[in-house]
Every structure is written in C-alpha cells, then in structure tokens.
Amino acid sequence: MTFSQEVEAIVAKIPRGRVMTYGQLAALVGRPRAARQVGGIAHFGNPKLPWQRVVNKQGGLAKGFPGGREEHAAMLRDEGVVVNNHTVNIAELLWRPDEQEQK
DNA sequence: GACTTGACTAGAC
DNA sequence: AGTCTAGCCAAGT
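According to the numbering used here, the first sequence is numbered sequentially starting from 2.
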C-alpha cells in the first residue's frame, strides 16, 4: 500500500457535504508534512475520487482544479456545502475519520 | 538510484 | 494584506 493509495482511500471515504485539508489528509496517513504530495496524487491519481472535497488549509478551493474554482464550488454546493467566495467554512465542514469509524 | 516536480504550508518581506 | 522563499515527502522520469 503506497502513500497515494492510502490517501485515495481516505478521500474516497469523505462523506458528501464534508471537506478535508491536504495537510490533515497527509497527517492521517502518517505524513503531516506531505501535503504537497497529496496534491500531486490528486493530479495524476484516480480522477473518480471526490477531490473537490479536498481543499487547502484556508478552506479555499484547489487552484489547479480542472474547470477552475467556479466548477469546483458548484460541485461542492451540489453536495450541500456552503461555498462563499470560492471558500468553504473549513471549521464547520472539516471531516474527521472517527465520525465515520465510530468503532 | 539520483534529480525534478507538485492541486501545500508557514514564515518572512 | 499580498507576494516570495524555503521546507517538506513521495511519486515520476
């Protein structure tokens, strides 16, 4: 299991209407400083994963997302995420894996 | 096996 | 407050 596979696994588990930061995502797989790599994985990784739920620490949408932030924001809104000025309420929407684990 | 790249983050100017 | 630089880690070439 490579780092990218672990990251993809977590991204795939992010519930609808929730988001995560690259930094936290990296930390969850044991590499708190690998935020850059998380972004890199998103670029050439599995395009079917909800990368739109992965945002930077400011809650801002990914700058390199295909279609631009407009499309990114539209996707998140469709999931029930409140997006203001291309920025999500990271404090409210940040998802914690333990919410789902509950075990 | 070494060098380059990258959808990040935090600190400095 | 906006922009630049440096640090970081793993995958790609």
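Every residue, glycine too, gets a C-beta built ideally from N, C-alpha and C.
Check: How many angstroms separate the CA atom of HIS73 from the CA atom of ARG32?; Outcome: 26 Å
Check: Exposed or buried, which one is GLN53 when buried takes at least 16 other CB atoms within 10 Å?; Outcome: buried
Check: Which runs of the alpha helix (DSSP H), 4 residues or longer, sit entirely within the region 20-98?; Outcome: 23-29, 36-45, 69-79 and 91-94
Check: How many Å lie between THR3 and PHE45 at the Cα?; Outcome: 14 Å
Check: By Cβ distance, which residues of its chain are closer than 8 Å to GLY18, with the 5 residues on each side in sequence left out?; Outcome: GLU80, GLY81, VAL82 and LEU94
Check: Looking at the unbroken alpha helix (DSSP H) that takes in ILE11, where does it start and where does it end?; Outcome: 4-14
Check: Going by C-alpha to C-alpha distance, which of ALA13, ARG97, ASN85 and VAL12 sits closest to GLN59?; Outcome: ASN85
Check: Flag this pair as yes or no: are the beta carbons of LEU29 and ILE15 separated by less than 7 Å?; Outcome: no
Check: Can you give the Cα-Cα distance for ASN90 and ALA13, rounded to whole angstroms?; Outcome: 21 Å
Check: Is it true that the CB of TYR23 sits closer than 7 Å to the CB of VAL39?; Outcome: yes
Check: Exposed or buried, what is GLN101 when buried is set at 16 or more other beta-carbons lying within 10 Å of its beta-carbon?; Outcome: exposed
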